[in-house]
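Report on the structure given below.
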Amino acid sequence: MLIIFANQKGGTGKSTLALLYAAYLNTYYKSRVCVLDMDGQHSLSQKAQKDGPVQDTLSYHLLPADLQDLEVARENLKEGEYDYVLVDLSSGRPNQELVAVYDTADAVVCPYHADELTLNGTLVFLKVFTNINDRAALFFVPNKVRRNASEHTQKAVKSMLEKYGAVSSPLPDRPDFQRLNTQAGSVKAMELVRAAFDEIHQGCLQHLHQISPK
Ligand SMILES: Nc1ncnc2c1ncn2[C@@H]1O[C@H](COP(=O)(O)OP(=O)(O)OP(=O)(O)O)[C@@H](O)[C@H]1O
Ligand SMILES: [Mg+2]
17 MLIIFANQKG
27 GTGKSTLALL
37 YAAYLNTYYK
47 SRVCVLDMDG
57 QHSLSQKAQK
67 DGPVQDTLSY
77 HLLPADLQDL
87 EVARENLKEG
97 EYDYVLVDLS
107 SGRPNQELVA
117 VYDTADAVVC
127 PYHADELTLN
137 GTLVFLKVFT
147 NINDRAALFF
157 VPNKVRRNAS
167 EHTQKAVKSM
177 LEKYGAVSSP
187 LPDRPDFQRL
197 NTQAGSVKAM
207 ELVRAAFDEI
217 HQGCLQHLHQ
227 ISPK
């Protein structure tokens, strides 16, 4: 399955969640995962270089990638070399490359913030994405949710996004997410994402079953 982490709005948590989801799939399901870093600045791969090789206990590939690499990863996925390819995308307006990646996705994880300015970027992304790809399963993740966040706003945004896909349990605003290490994962952050990721994982399995029933 090819899952993209996308939102036109920057800084919503795409790279952070892509990395944590790779660790989650690998830790709990022993899945073979490849993370393609297609964020223009290759921030994840640069961080990985600093952090050093991934530990034996945590095993996934993390590669800086372009469209050609994505094709190769798709082939590897078909041939069973990987169970999941996760693509970390850049924010900003969709260019030709982004459109091609949108087209190939089986599922989308879209982290968002429930404030008006950020939400506009998310809605623009949705409009563009659903025009290109109407087959993918969409999962929205309310991220960096503060303790004092307005419940009313959270609910209103949730019901708006539920027209397009599933909205996961919220992720709190915590420094544990900023201490992520590509080498060893983060036990605390993994605990914080567990409920949301379980929901996304179940949703992905259901979607896979629908698109290729056995
Ligand atoms: N739940 C959270 N709590 C606190 N900080 C978070 C949380 N999620 C992400 N962050 C922090 O927010 C910042 C932006 O996250 P990240 O780089 O993952 O976003 P992004 O969507 O990939 O950004 P870009 O659009 O620039 O690629 C990072 O410093 C990250 O550590
Ligand atoms: Mg990023």
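So for the sequence shown, my numbering puts the first residue at 17; every next one is plus one.
Positions of the beta carbon are idealized from the N, C-alpha and C atoms, including for glycine.
query                                                                                                                           : result
Coil, strand or helix - His-168 by DSSP                                                                                         : helix
Same chain, Cβ closer than 7 angstroms to Val-115, neighbours up to 5 away in sequence not counted                              : Ile-148
Assumed close pair Val-124, Phe-155 - CB separation to whole angstroms, cut-off 8 angstroms                                     : 7 angstroms
Residues of its chain near Tyr-40, where Cβ-Cβ distance is below 6 angstroms and the 5 sequence neighbours each way are ignored : Phe-213
Enclosing alpha helix (DSSP H) for Tyr-45 [first to last residue]                                                               : 30–45
Any non-hydrogen atom of ligand 1 closer than 7 angstroms to Ser-202 Cβ                                                         : no
Rounded Cβ spacing between Val-161 and Asp-189 (contact assumed at less than 8 angstroms)                                       : 6 angstroms
Leu-187 in three-state terms, based on DSSP                                                                                     : coil
Option in Ala-22, Leu-35, His-129, Tyr-100 with minimal Cα separation from Phe-193                                              : Leu-35
Secondary structure of Met-54, DSSP reduced to three states                                                                     : strand
Any 3 or more C-beta pairs closer than 8 angstroms across the stretch 82–101 and the stretch 128–144                            : no
For Asp-119, the first and last residue of its enclosing alpha helix (DSSP H)                                                   : 112–120
Beta bridge counterpart(s) of Ala-123 as assigned by DSSP                                                                       : Ile-19, Ala-153
Spatially closest choice to Glu-215 from Ala-182, His-225, Met-54, Pro-191, by CA coordinates                                   : Ala-182
Local Cβ density within 10 Å of Tyr-44, reported as buried at 16 or more and exposed below that                                 : exposed
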